[in-house]
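J.:
Residue numbers (my numbering): 6 to 136.
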């Protein structure tokens with residue numbers, strides 16, 4: 006198994022740097038078919054943050070990219086179930102993707118709830134507001 010940093014994944018998605026995007030594509034094509042490529046939870050969070058905050062992508066566009074990445078057989082995601090549940094919550098929710106992702110990872114780790122001061126996040130059943 007090998008892992009990709011956020012910047013490698015972003016170069017593959019954005020194709021915005023002829024040199025780096027080309028190198029990222031060559032790297033992907035050079036990986037043996039039986040070698041899993043890991044995209045860990047921090048990479049997913051950072052990718053969403055960059056696409057939304059730095060590049061100004063819409064929530065719908067980010068969700069579409071996430072779904073297409075999850076559908077790729079050559080990528081393996083840590084906390085894939087949490088990613089999918091966070092995507093579903095974020096699609097209609099008012100909190101940030103990171104909030105939902107945190108709560109879903111915590112749920113996977115058998116947390117009964119995730120306490121938060123975030124009023125938007127606290128409306129989701131996975132959260133409990135700090136009173």
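Ideal placement from N, C-alpha and C gives every residue a C-beta, glycine not left out. Model, not experiment: these values are computed from the prediction.
Give me, in chain order, the residues of the same chain whose beta-carbon lies closer than 6 Å to that of residue 41; leave out the 5 immediate sequence neighbours on both sides.
T.: 6 and 81.
J.: Taking C-alpha atoms, which residue in 52, 95 and 106 lies nearest to residue 16?
T.: The candidate whose alpha carbon is nearest that of residue 16 is 52.
J.: Does the beta-carbon distance from residue 62 to residue 56 come in below 8 Å?
T.: Yes, these two residues count as a Cβ contact at 8 Å.
J.: When we look at the beta-carbon of residue 44 and count the other beta-carbons within 10 Å, is it buried (16 or more) or exposed?
T.: Buried is the call here.
J.: Whole angstroms is fine: what's the gap from residue 109's alpha carbon to residue 117's?
T.: One C-alpha to the other measures close to 11 Å.
J.: Mapping DSSP to helix, strand and coil, what is residue 63?
T.: Here residue 63 sits in coil by DSSP.
J.: The alpha helix (DSSP H) with residue 19 in it runs from where to where?
T.: That run of the alpha helix (DSSP H) goes 11–19.
J.: When the Cα of residue 123 is compared with those of 115, 32 and 103, which residue comes out closest?
T.: Here the closest residue by C-alpha is 103.
J.: Hey, how far is the Cα of residue 59 from the Cα of residue 50?
T.: Distance between the alpha carbons of residue 59 and residue 50 is about 13 Å.
J.: Which value, in whole angstroms, describes the spacing of the CA atoms of residue 112 and residue 47?
T.: C-alpha separation (whole angstroms): 17 Å.
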